[in-house]
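In the numbering used here, the protein residues as written are 67 to 261. We put the beta carbon where it would ideally sit given N, CA and C, even for glycine. What you are looking at is a predicted structure, and each value in this text was computed from that prediction instead of being measured. See below for the structure under consideration.
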């Protein structure tokens, strides 16, 4: 599971040109409010600067990481939710919010229902929102696969939440994912999936 130390290392290692969609700012704050309460969300909002332009693809990943750190730290302090679990819950919240939008529903209609194809498609589609890092899918057997992450600034808990949350929304099969081979910064790791 992810740690605050690992996330802060990723902040220090993120290049200024690493950007993501500004909508993530509002999505994280909404997720904090729904998962941990409005008072926690307001406290988090007071700890970080507002995104400059939420509708554009120019939100620095370092700022998103600071926001996620404030969210997970505050949730841990105020509710007892462990830091890494809070990050995973936020990743799950954000992907489910996206798939409940008209665009997300339209995209999901194109996703293959076979689990290997769904995971393979997810690796490619995550790139549209998070352009930093490298991800590689590998089929291990009929009911197991893994995804290798290199240079992944958002880290293992967030990505585990995104992949599990998104796929489990539309799959009848139970899916589990374990984090393996995590580097000290959490930028290099493997998610191993079984179903």
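Whole-Å CB distance - residue 245 paired with residue 230, under 8 angstroms assumed: For the purposes of this step, residue 245 is identified with residue 179 of the chain shown, where counting begins at 1. For the purposes of this step, residue 230 is identified with residue 164 of the chain shown, where counting begins at 1. That belief does not hold up - the Cβ atoms of residue 245 and residue 230 are roughly 11 angstroms apart, past 8 angstroms.
Check whether the segment 105 to 125 and the segment 150 to 168 touch, using three or more Cβ-Cβ pairs below 8 angstroms as the test. no
Determine the DSSP secondary structure at residue 82, reduced to helix, strand or coil. Indexing the chain shown from 1 puts residue 82 at position 16. Correct three-state label for residue 82: coil.
For residue 207, which beta-bridge partners are listed by DSSP? On the chain shown, residue 207 is found 141 positions in, with the first residue counted as 1. BP columns for residue 207 point to 210.
Measuring CB atoms only, is the segment 209 to 227 touching the segment 139 to 147, in the sense that at least three cross pairs come out at less than 8 angstroms? no
Extent of the continuous beta strand (DSSP E) run through residue 242: In the chain shown, residue 242 corresponds to position 176, counting from 1. First-last of the beta strand (DSSP E) with residue 242: 242 to 246.
Go ahead and pull the three-state DSSP assignment for residue 239. Taking the first residue of the chain shown as position 1, residue 239 is located at position 173. Reduced to three states, the DSSP call for residue 239 is coil.
Unbroken alpha helix (DSSP H) run spanning residue 159, endpoints: Taking the first residue of the chain shown as position 1, residue 159 is located at position 93. For residue 159, the enclosing alpha helix (DSSP H) covers residues 149 to 165.
Residue 215 (DSSP reduced to helix, strand or coil): Numbered from 1 along the chain shown, position 149 holds the residue referred to as residue 215. Here DSSP, grouped into helix, strand and coil, assigns residue 215 to strand.
Going by C-alpha distance, which of 158, 191, 148 is nearest residue 169? Along the chain shown, one-based indexing puts residue 169 at 103. Per the Cα distances, 191.
With a 10 Å radius around its C-beta and 16 neighbouring C-beta atoms as the bar for buried, classify residue 175 as buried or exposed. Along the chain shown, read from residue 1 onward, the residue named residue 175 stands at position 109. Residue 175 should be labelled exposed.
Which word fits residue 196, buried or exposed, when buried means at least 16 other C-beta atoms lie within 10 angstroms of its C-beta? Looking up residue 196 in the chain shown gives position 130. It is buried - the Cβ of residue 196 has at least 16 other Cβ atoms within 10 Å.
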